[in-house]
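Which chain is which? The protein sequence lines are X and D, in order. All residue numbers for the first sequence refer to the numbering used here, where the first residue is 4 and numbers rise by one. All residue numbers for the second sequence refer to the numbering used here, where the first residue is 4 and numbers rise by one.
Number of protein chains: 2
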Amino acid sequence: MKVVNHKIVLAARPSGLPVPSDFRTVEETLSLTGERQILIRHEVLGLAPAARLRMGAETDSYAAPMAIGETVYGQAVGRIVGSSHPGFQEGDWVMAMGGSWQRYSLSDGERVFKVDVDLAPPAVWLGLLGSSGLAAWTGLRQIGHPRPGETVVVSAATGAVGSSAAQLAKAWHCDVVGIAGGPRKCLHATEFLGLRACVDYRHPDFPESLAAACPNGVDVYFDNVGGKVRDAVWPQLNQNARVVVCGLISEYNTAGRREPSPPWFDVLVKQLTVRGFLLTDQHLSRRAEFVEEVGELYKKGCLRVQEDASRGLGRVPEAFIAMLRGGNLGKTVVYLDD
Amino acid sequence: MKVVNHKIVLAARPSGLPVPSDFRTVEETLSLTGERQILIRHEVLGLAPAARLRMGAETDSYAAPMAIGETVYGQAVGRIVGSSHPGFQEGDWVMAMGGSWQRYSLSDGERVFKVDVDLAPPAVWLGLLGSSGLAAWTGLRQIGHPRPGETVVVSAATGAVGSSAAQLAKAWHCDVVGIAGGPRKCLHATEFLGLRACVDYRHPDFPESLAAACPNGVDVYFDNVGGKVRDAVWPQLNQNARVVVCGLISEYNTAGRREPSPPWFDVLVKQLTVRGFLLTDQHLSRRAEFVEEVGELYKKGCLRVQEDASRGLGRVPEAFIAMLRGGNLGKTVVYLDD
């Protein structure tokens, strides 16, 4: 079994927002070379803002930065087209955590999970039932601990992680307020996702509108954004509030260098819990539990999915850049054509 | 039973570091007036920096600020001189959480605990076996979760809370590094408290010395200080480090208004846990467990106690101010004379 693979590699380290020339496509031949290997043909790629974190040279504290020439990290859903691994068979649908931005991937089966495309279509296994949903679920379960009736605020509420977190908190009987950019996204958050309110951070009255939308203060803040959005939530935090720092998309392009931090004194006097959280392999141990709980809610129709789809491997860089600019509604996915 | 009480009340809200004229002494008569009451004659008062937090008007998010004319909040150890309460008898030694800066206090028995002066002398029930030790123990147990072999850094390491936290972490087989102001305190931290190292934050090479003292990075930072001390620890934090924000003494006099916060981006990429912690009544539920564990370590000689003692109610304001300036070594206590 030999295939021609196309992959997108990092051509240059982005300075600020990435540009298309920071990436380039490389062709190679792939084949099974030993025992316990699988060859996966990707059908859909899932793009996530956190990939930007690994493109800079300055973020070595999180994970080794990508090398120039390395295939860009990302998740993929596809089918197995060749297997010498006893756990996988040709034709199996799988989600590959480390599939990366390419048409095919070779794997030893680690971080590759079979997915049930009868329960949910392939792309949902990249978003709500994939890494985005797992990040939302883990962040809420392990850090946010939202209790019924508490006010939960979610930034980037219409994004892949945000829409998962907001809907989960709602399913757990919390009072959920979203934050998103622009009237179209805010309408989507209330009408499609069913949040009680959504506040537009681009509006000049944003801090006041947010305060008005949270008359009982904020008990859990699930933050994907950082920067000024976080600064507006900060004064609304209640005593013993929990802040899940799941993303800082407003600061990724600068690695946080230009952003002032929120008033630290409140950490003490409000007895806040603030915890940074990146989905890492350690969280995969609870993936089965997550899929069972969230899959069940999805099947019941309690959770809705919006995807922001493009088509063709060549469109991946521009879809990624558009997502970093906040252009997406829901999970950003790219379907791969022949 | 009628007694003449002297109490120290807030005369004016301090601006910055308090001055003696922010306080004044008031005389009054106290007596048991009903059922289930006790009258306690204080023998020792314990002073804590956190009292400063309540003297400003701006800290209402933590607890109602003190009113002008209100007796200053603090702990006291003393003996019961009158009781109509079935749980207490005349002669009992007790620690009164809300005893305050006065010679006597009347109480309904809430937040009053009998203490064993054979196990430890009265003043120890204000420090290591009192609120300071309980804050250290709770902060480590509930937030820091130090594991054997991990590096634990404690600021204000020779203070009442800091010396308790540092010695507890050491007793739990952690590698403990203290931070203190000046060579005398640093020597005390290594020689008397037995810490592996102590770094002087007043020295111009402080950040470099701290980094050198923590070759494996920092897993738990127990912070009592904030400001520049915290800023020097911050870059040394390891992935998944825990920061217990138990005090911000460097910022109390300004309520944090002038201090920049540490780089927020690290919260995400290092997946830090940061949690503010003030000893409140909810923590008293585990006091018995704390006294059993820490009392046992004290009895075995594993934990040492240093007190910074003055004598006479009139000396309380100046002892408090000296403590806020960092002049104390160990728990600041004031013995009350007739």
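Ideal placement from N, C-alpha and C gives every residue a C-beta, glycine not left out. Model, not experiment: these values are computed from the prediction.
Item to complete: Could you check which residue in L171(X), R150(X), V75(X) and E73(X) has the C-alpha nearest to that of E299(X)?
Response: If you compare the alpha carbons of L171(X), R150(X), V75(X) and E73(X) with that of E299(X), the shortest gap goes to L171(X).
Worksheet entry | the region 229-239 of chain X in contact with the region 183-198 of chain D per 3-pair CB rule at 8 Å | Segment contact: the region 229-239 of chain X against the region 183-198 of chain D, fewer than three CB-CB distances shorter than 8 Å; contact not assigned.
Worksheet entry | Given 8 Å, three or more beta-carbon pairs between the region 135-144 of chain D and the region 103-111 of chain D | No: fewer than three Cβ pairs fall under 8 Å.
Practice prompt. Enumerate, from N- to C-terminal direction, the unbroken alpha helix (DSSP H) stretches of 4 or more residues contained entirely within the region 170-201 of chain D.
Written response: Given a length threshold of 4 residues, each whole run of the alpha helix (DSSP H) inside the region 170-201 of chain D is given here in chain order: 186-190.
Discussion item. V164(D) and I182(D) - do their beta-carbons sit closer together than 8 Å?
Written reply: Not a contact, by the Cβ cut-off of 8 Å.
Discussion item. My parser needs the beta strand (DSSP E) runs of 3 or more residues fully inside the region 26-53 of chain D; what are they?
Written reply: The DSSP assignment places complete beta strand (DSSP E) segments of no fewer than 3 residues inside the region 26-53 of chain D at 26-34 and 41-50, in order along the chain.
Worksheet item: Do the region 265-276 of chain X and the region 96-104 of chain X make contact, defined as three or more Cβ pairs closer than 8 Å?
Response: Look at the beta carbons and you see the region 265-276 of chain X not touching the region 96-104 of chain X: under three pairs across the two are nearer than 8 Å.
Item to complete: Look at H45(X) and Q105(X) and say whether their C-beta atoms are less than 8 Å apart.
Response: The beta carbons of H45(X) and Q105(X) sit closer together than 8 Å.
Item to complete: In angstroms with no decimal places, state the Cα-to-Cα distance between T335(X) and V223(D).
Response: Using only the alpha carbons, I get a separation of about 37 Å.
Worksheet item: Are there 16 or more other CB atoms within 10 angstroms of the CB of A244(X), so buried, or fewer, so exposed?
Response: Here A244(X) is buried: its Cβ has 16 or more other Cβ atoms, across all protein chains shown, within 10 Å.
Fill in: Proximity test, Cβ basis, 8 Å: F280(X) and chain D
With 8 Å as the cut-off, F280(X) counts as an interface residue toward chain D.
Fill in: Range covered by the beta strand (DSSP E) that runs through A325(X)
Per DSSP, A325(X) belongs to no beta strand (DSSP E); it is in the alpha helix (DSSP H), V319 to L327.
Worksheet item: Given that a residue counts as buried once 16 or more other Cβ atoms are within 10 Å of its Cβ, and exposed if not, what is M69(X)?
Response: By the 16-neighbour rule on beta-carbons within 10 angstroms, M69(X) is buried.
Item to complete: Could you confirm whether any beta carbon from chain D is found closer than 8 Å to the beta carbon of Q274(X)?
Response: A Cβ of chain D is located within less than 8 Å of the beta carbon of Q274(X).
Item to complete: Consider the Cβ of F268(X): report whether some Cβ of chain D lies at a distance smaller than 8 Å.
Response: True, the Cβ-Cβ gap to chain D drops below 8 Å.
Worksheet item: Is the region 301-309 of chain D touching the region 20-39 of chain D, taking contact as three or more C-beta pairs under 8 Å?
Response: The region 301-309 of chain D is not in contact with the region 20-39 of chain D.
Item to complete: Say whether chain D places a C-beta atom closer than 8 Å to the C-beta of V277(X).
Response: So, interface residue.
Fill in: Nearest-angstrom Cβ-Cβ length linking K364(X) and L198(X), presumed shorter than 8 Å
The question about residue 364(X) has no answer, for chain X in this structure spans 4 to 341.
Worksheet item: To the nearest angstrom, how far is it from the Cα of R150(X) to the Cα of C249(X)?
Response: For R150(X) and C249(X), the distance between alpha carbons rounds to 19 Å.
Worksheet item: Of all the options G90(D), S135(D) and Q92(D), which has the alpha carbon lying nearest to the alpha carbon of H286(D)?
Response: It is S135(D).
Worksheet item: Exposed or buried, what is D63(D) when buried is set at 16 or more other beta-carbons lying within 10 Å of its beta-carbon?
Response: In this prediction, D63(D) scores a pLDDT of 47, lower than 50, which makes its location untrustworthy; the coordinate-derived value is nonetheless stated afterwards. Counting Cβ neighbours within 10 Å, D63(D) comes out exposed, since fewer than 16 surround it.
Discussion item. Please report whether the beta-carbon of K334(D) lies at a distance below 8 Å from any beta-carbon of chain X.
Written reply: Interface residue (Cβ-Cβ distance to chain X less than 8 Å): K334(D) is not classified as such.
Worksheet item: Relative to the C-alpha of I146(X), which residue among N331(X), G317(X), L281(X) and M4(X) is closest?
Response: The shortest Cα separation from I146(X) among N331(X), G317(X), L281(X) and M4(X) belongs to L281(X).
Discussion item. Let me check one thing: in DSSP terms, what residues is S108(D) bridge-paired to?
Written reply: Per DSSP, I43(D).
Item to complete: Compare the C-alpha of P263(D) against each of A235(D), L316(D) and V75(D) and name the closest.
Response: Minimum Cα distance to P263(D) is reached at A235(D).
Worksheet item: What residue does the alpha helix (DSSP H) around D121(X) start on, and which one ends it?
Response: In the DSSP assignment, D121(X) falls outside any alpha helix (DSSP H), carrying neither H nor E.
Discussion item. What does the Cβ neighbour count give for T161(X), buried or exposed, with the cut at 16 atoms within 10 Å?
Written reply: Result: buried.
Worksheet item: Whole-angstrom Cβ separation of E38(D) and S87(D), contact assumed at under 8 Å?
Response: Contact flag correct, Cβ pair sits at about 5 Å.
Worksheet entry | Alpha-carbon spacing of G152(X) relative to V179(X), whole angstroms | Between the alpha carbons of G152(X) and V179(X) lies a gap of roughly 9 Å.
Worksheet entry | Cross-strand partners of F225(X) (DSSP beta bridge) | Looking at the DSSP assignment, F225(X) forms a beta bridge with V157(X) and V247(X).
Worksheet item: For R290(X), does the three-state DSSP call read helix, strand or coil?
Response: It is helical.
Worksheet item: Are the C-beta atoms of V232(D) and some chain X residue less than 8 Å apart?
Response: Not flagged as an interface residue toward chain X: V232(D), since no C-beta distance is shorter than 8 Å.
Worksheet item: Out of Q309(X), L327(X), S288(X) and A200(X), which has the shortest C-alpha to C-alpha gap to A54(X)?
Response: Of Q309(X), L327(X), S288(X) and A200(X), the residue nearest in Cα terms is L327(X).
Worksheet item: Using the C-alpha atoms, what's the distance from V120(X) back to E295(X)?
Response: C-alpha of E295(X) to C-alpha of V120(X): approximately 14 Å in a straight line.
Practice prompt. With distances taken Cα to Cα, identify the nearest neighbour of D311(D) among G184(D), Q92(D), L122(D) and G330(D).
Written response: Looking at G184(D), Q92(D), L122(D) and G330(D), the one whose alpha-carbon comes closest to that of D311(D) is G330(D).
Worksheet item: Would you call D381(D) buried or exposed, if buried means 16 or more other Cβ atoms sit within 10 Å of its Cβ?
Response: No answer is possible for residue 381(D): it lies beyond the span of chain D, which begins at 4 and ends at 341.
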